[in-house]
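To start, the structure itself, in structure tokens.
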Amino acid sequence: MNILQTIPLNHYIMLSALLFSIGAMGVLLRRNAIILLMCVELMLNAVNLLFAAFSVHHADGGGQVMVIFIMTVAAAEVAVGLAIIVMMFRKAGTTDINLFDTLKW
Amino acid sequence: MTDLILLKHELLLTALLLIFILMKLGKDISNSSFLKMSNALLLINFIIGFFGNQHGQMFASMFQTNELMALQKNMLNGGLLLISLSSSRWLNNHIHLPEFFMLIVATLLGMFFMISSNNLLVFYLALELATIPLAALCSFDLDKRQSSEAGMKMIMSSAFASGILLMGISLVYGVTGTLAFTEMSSLIASDHLTVFALILLFAGFAFKLSVVPFHLWTADVYEGSPVAVTSYLSVISKGAMVFVFTSVLYQVFKPMQEVMYQLIYIGAVLSMTIGNLFAMRQQNIKRFLAFSSIAQVGFILTGISGFSHTGAASATFFILVYVFSNMAAFAVAGIVSSAIGRETIDDYKGFYRTNPFLSWVLAIALFSLAGIPPTAGFFGKFFLLSAGAAKGNYVLITIAALNMIISLYYYLRIVRAMFMDKNETPIGSVNLSFNERAAIIICIAGILISGIWNGPFHTIHHSVTEAFSITPF
């Protein structure tokens, strides 16, 4: 605990900004639907790290409560997402989002 | 115990959800009797919503409600009832009818909590409750590939959007050290980090509202989803987001009005222009309505940019008008799509010869969307633009007015196709059931009555003024 608190807040912010950017770039660049979901998870976990760090910094419990709820909601989101991907896979035979192009302008 | 009346709308919906689950678990009931019972329940829910509304806070002031929020929730309740009535044909033939109602009531519950939230934690949870079941609803035409594609685009983009929104929330938390809106509004100062957080939050909101740089999912999801879900997405989901937008961003981020104004300005101009330009070239009627709804969001943002009570009141009034007019348009599109199976605009050529009633309904709805008096849409847009003009930025108002002219072109294109164009194989005549007729008549009555009678706007304006003076911001 003490060691963690000796790390300056800026380091946490930078790390989570980096993780968040990696996740966001993954969502924008990767083409596999399952990897997309994983990248979204990475973004959410970056946010979780930031919440935990701010929570310690402000000595306020709210941020850590938020982390628990974010993890729960993310699990629900992935459950629905994977169900839809399975349905899509049955119809299209692939999880490559470039091939999901029946809806287009 | 007496406090529980504050939670009335939410408790009613939870009860509805439980009743639907029990009805599903009980002995098999046919779709038509389930539909009758659920419509009756939704009607009861809608009526009870008007009585005994109070203002106050609950759960360590994480939850707040007032007369304005009760009014907004009533509007959304009414919208759900209209959807259930107008899409009864599609629902009747669906094997998973009970699940449809469970999911849709769950999302509505999320929206109610979102409107009433007074804490970022509650706000986030409610937002997810409002979006995750919607993705399942989008893929509800189980045998259609397009529908599951729409569901996937919905869940991916909403997950991405909530990631961005959460980053904004966490930065706001880092700056202020609290999650409660009430304390937050007094702690916010416009330094660089807060501006960045605000931009992220705005981007998250813009995704859900489909404001232009973040609108790419809208048309695909609207086209692929079943019409009932499309109308839910474009009317109720968007309406709830606008309500939250006015109450949260207006009040919590009051010290940062200048930055907010820039963001809303850009979003409004882009949404109106790009929404209109893309709407012109659409062939599918659902896609067309999707782009027209993007353009409408631009007008709503114009009104919100005024940062006044009138702005909030006119946005709320516009949503009321929008519920009626968009619902009428979607009702016709949905009835035609589920009865005949045709969805392109060319199919509507010669529609007047076979279905005079439906084509008048669609024409009035499109007039209202375009903003032609004496329909309510004219006053909706008029109030929005005059609220936006209060800020003195006439460039924005001029762009909005020009966009209204462009929008006339493509709305009237459909009216022309229905009434004047000739067609060898027009859509056959459609017999309306009682439910569909009732929904359509309510919508048309709403459009015309709120167009000539100023009662609704005054009620809304009154409750907005009251709500903004009660809440401790």
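Note that the protein sequences, when read in sequence, are chains U and A.
The opening residue of the first sequence carries number 284 in our numbering; numbering runs sequentially from there.
The opening residue of the second sequence carries number 6 in our numbering; numbering runs sequentially from there.
Even glycine gets a Cβ: it sits at the ideal position worked out from N, Cα and C.
What you are looking at is a predicted structure, and each value in this text was computed from that prediction instead of being measured.
The alpha helix (DSSP H) with residue i in it runs from where to where?
{"i": "A:Met409", "result": "Tyr399 to Phe424"}
{"i": "A:Gly115", "result": "Leu102 to Ser121"}
{"i": "A:Asn440", "result": "Phe439 to Ile457"}
{"i": "A:His376", "result": "Residue identity differs from the one stated: residue 376 of chain A is Gly in this sequence, not His. No alpha helix (DSSP H) holds A:Gly376; DSSP gives it neither H nor E."}
{"i": "A:Asp225", "result": "Leu221 to Gly229"}
{"i": "A:Arg292", "result": "Ile290 to Ile309"}
{"i": "A:Phe250", "result": "Where A:Phe250 is concerned, there is no enclosing alpha helix (DSSP H), given that its DSSP letter is neither H nor E."}
{"i": "A:Ile137", "result": "Leu125 to Cys143"}
{"i": "U:Thr378", "result": "Careful: U:Thr378 lies outside any alpha helix (DSSP H) and carries neither H nor E."}
{"i": "A:Leu238", "result": "Per DSSP, A:Leu238 belongs to no alpha helix (DSSP H) and is neither H nor E."}
{"i": "A:Ser276", "result": "Gln262 to Met285"}
{"i": "U:Leu287", "result": "Asn285 to Thr289"}
My output table needs one value for residue i: the three-state DSSP class, helix, strand or coil.
{"i": "A:Ala185", "result": "strand"}
{"i": "A:Gly61", "result": "strand"}
{"i": "A:Thr349", "result": "strand"}
{"i": "U:Asp343", "result": "coil"}
{"i": "A:Asp33", "result": "coil"}
{"i": "A:Asp8", "result": "helix"}
{"i": "A:Asp148", "result": "coil"}
{"i": "A:Asp196", "result": "coil"}
{"i": "A:Asn360", "result": "coil"}
{"i": "U:Asn315", "result": "strand"}
{"i": "A:Asn98", "result": "coil"}
{"i": "A:Asn331", "result": "helix"}
{"i": "A:Asn44", "result": "helix"}
{"i": "A:Asn436", "result": "coil"}
{"i": "A:Asn428", "result": "coil"}
{"i": "A:Pro477", "result": "In this predicted model, A:Pro477 has a pLDDT of only 44, less than 50, meaning its place in the structure is not dependable; the value taken from the coordinates is given anyway. Coil, per DSSP."}
{"i": "A:Gln77", "result": "helix"}
{"i": "A:Ser162", "result": "helix"}
{"i": "A:Gly355", "result": "coil"}
{"i": "U:Trp388", "result": "Per-residue confidence for U:Trp388 stands at a pLDDT of 48, beneath the threshold of 50, marking its modelled position as unreliable; the derived number appears in the next sentence. It is coil, neither helix nor strand."}
{"i": "A:Phe312", "result": "coil"}
If you follow the beta strand (DSSP E) that residue i is part of, which residue opens it and which one closes it?
{"i": "A:Thr70", "result": "Phe68 to Thr70"}
According to the Cβ coordinates, are residue i and residue j closer than 8 Å?
{"i": "A:Met80", "j": "A:Ile324", "result": "yes"}
{"i": "A:Leu86", "j": "A:Leu18", "result": "no"}
{"i": "A:Ser153", "j": "U:Ile317", "result": "no"}
{"i": "A:Ser215", "j": "A:Val302", "result": "yes"}
{"i": "U:Val359", "j": "A:Ile137", "result": "First, the amino acid is wrong: residue 359 of chain U is Ala here, not Val. Yes; because the gap between Cβ atoms is below 8 Å, this pair is in contact."}
{"i": "A:Leu90", "j": "A:Ala443", "result": "yes"}
{"i": "A:Leu198", "j": "A:Thr181", "result": "no"}
{"i": "A:Ala370", "j": "A:Ile452", "result": "yes"}
{"i": "A:Phe248", "j": "A:Gln77", "result": "yes"}
{"i": "A:Tyr255", "j": "A:Ser310", "result": "no"}
{"i": "A:Lys243", "j": "A:Ser298", "result": "yes"}
{"i": "A:Leu390", "j": "A:Ala375", "result": "no"}
{"i": "U:Ile380", "j": "A:Leu171", "result": "no"}
{"i": "A:Ala166", "j": "A:Leu134", "result": "no"}
{"i": "A:Ser43", "j": "A:Phe25", "result": "yes"}
What distance in whole Å lies between the Cβ atoms of residue j and residue i, which are believed to be in contact at a cut-off of 8 Å?
{"i": "A:Leu275", "j": "A:Leu139", "result": "In fact, because the Cβ distance is near 24 Å, the residues do not count as touching under 8 Å."}
{"i": "A:Ala320", "j": "A:Thr251", "result": "6 Å"}
{"i": "A:Val435", "j": "A:Val341", "result": "7 Å"}
{"i": "A:Gly173", "j": "A:Gly209", "result": "6 Å"}
Mind checking the segment 349-380 of chain U against chain A and listing, in chain order, the residues whose C-beta falls within less than 7 Å of any C-beta there?
Met349, Phe352, Ile353, Val356, Ala359, Glu360, Val363, Gly364, Ile367, Ile368, Met370, Met371, Lys374 and Ala375
With 7 Å as the C-beta to C-beta threshold (strictly closer), list the residues of the segment 328-344 of chain U near chain A in chain order.
Val330, Leu333, Phe334, Phe337, His341 and Asp343
Which residues of the segment 300-316 of chain U have a Cβ closer than 9 Å to any Cβ of chain A? Give them in chain order.
Ala300, Phe303, Gly306, Ala307, Val310, Leu311 and Ala316
Interfacial residues, the segment 85-97 of chain A to chain U, with Cβ spacing under 7 Å:
none
Please name the residues in the segment 145-162 of chain A whose beta-carbon is closer than 8 Å to at least one beta-carbon of chain U, in chain order.
Leu147, Arg150, Gln151, Ser153, Glu154, Ala155, Gly156, Met157, Lys158, Ile160 and Met161
Any C-beta of chain U within less than 8 Å: which residues of the segment 99-130 of chain A qualify?
Leu125, Leu126, Tyr129 and Leu130
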